[in-house]
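Asks: Questions regarding the structure given below will be posed in turn.
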Amino acid sequence: MNAAAPATPVIDTHVILRDGDRILLSQRGGPYGYGRWHAPSGKLDAGEPLTVGAARELREETGVEVDPAHLRLVHVVHHRQSPEVERIGLFFEATVWNGEPVNREPEKCLDLRWWAVHALPDDIIEYPAAGLLGYLNRDGDRVLTEHGWH
C-alpha cells in the first residue's frame, strides 16, 4: 500500500483589526474575489515566522504597524480551494496597533472600510469569512474551521 503524499498547503495570514465593535475590511481589486471583502491578508514568505508575516502583510496593505507580539491567534481555517490546492489560514487579532489605515495597494484593493461587527457586508469571500465568523461566533474552545472539504 502506498502512503499518501504529504500535504503542501499554502499558508496565509489574516489580520483582524478591530476598533471597538468595528472591523477593518478591504475590497479586492485583483482577479480572486474581485469586488468582494476580506480582512488584510497574504501568503507567508518562506523562512518567515507567522506573526512577522501577518504584521508585514498588514503594514504593506494598510500602513498600520503592529508588533508581532501583539498579534493573538484567534482562529484557524483549513481551506480546500480545489482538488489540487489547500490552504491553512491563521487569523490573528491585533491587540495593540498604531496608525490610520490607508490603501497602500490600490492596484490590488478597491477600498478599505470599517464595518460594524453586527452589520458586515454580505459579500465577504467565503474562505476569509469562515475565519472571521469563527472568531466572532466562537463556540467554546473551537478555533478550527474546515472549509471546502465537503
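Residue numbers (full-length UniProt numbering): 1 to 150.
All C-beta atoms, glycine included, are put in the ideal place defined by N, C-alpha and C.
All values reported here derive from a predicted model rather than from experimental measurement.
With burial defined as no fewer than 16 other Cβ atoms inside 10 Å of the residue's Cβ, what is the status of residue 28: buried or exposed?
Replies: Buried: at least 16 other Cβ atoms inside 10 Å.
Asks: Is the CB-CB distance between residue 53 and residue 44 below 7 Å?
Replies: Yes, the Cβ-Cβ distance between residue 53 and residue 44 is below 7 Å.
Asks: Where does residue 127 land, buried or exposed, given buried means 16+ other C-beta within 10 angstroms?
Replies: The residue is buried, with at least 16 neighbouring Cβ atoms inside 10 Å.
Asks: Can you find the residues in the same chain that come closer than 7 Å, C-beta to C-beta, to residue 72, ignoring five residues on each side of it along the sequence?
Replies: Cβ within range, chain order: 92, 93, 95.
Asks: By DSSP, does residue 51 sit in helix, in strand, or in coil?
Replies: Helix.
Asks: In the DSSP output, what is residue 98 paired with across the bridge?
Replies: Answer is 65.
Asks: Going by alpha carbons, who is nearest to residue 62 out of 34, 76, 98, 81?
Replies: Of the candidates 34, 76, 98, 81, the one whose C-alpha sits nearest the C-alpha of residue 62 is 98.
Asks: Could you check which residue in 59, 76, 78, 55 has the C-alpha nearest to that of residue 68?
Replies: The residue with the shortest Cα to Cα distance from residue 68 is 55.
Asks: With 16 as the cutoff for other CB atoms within 10 Å, does residue 4 come out buried or exposed?
Replies: Exposed is the call here.
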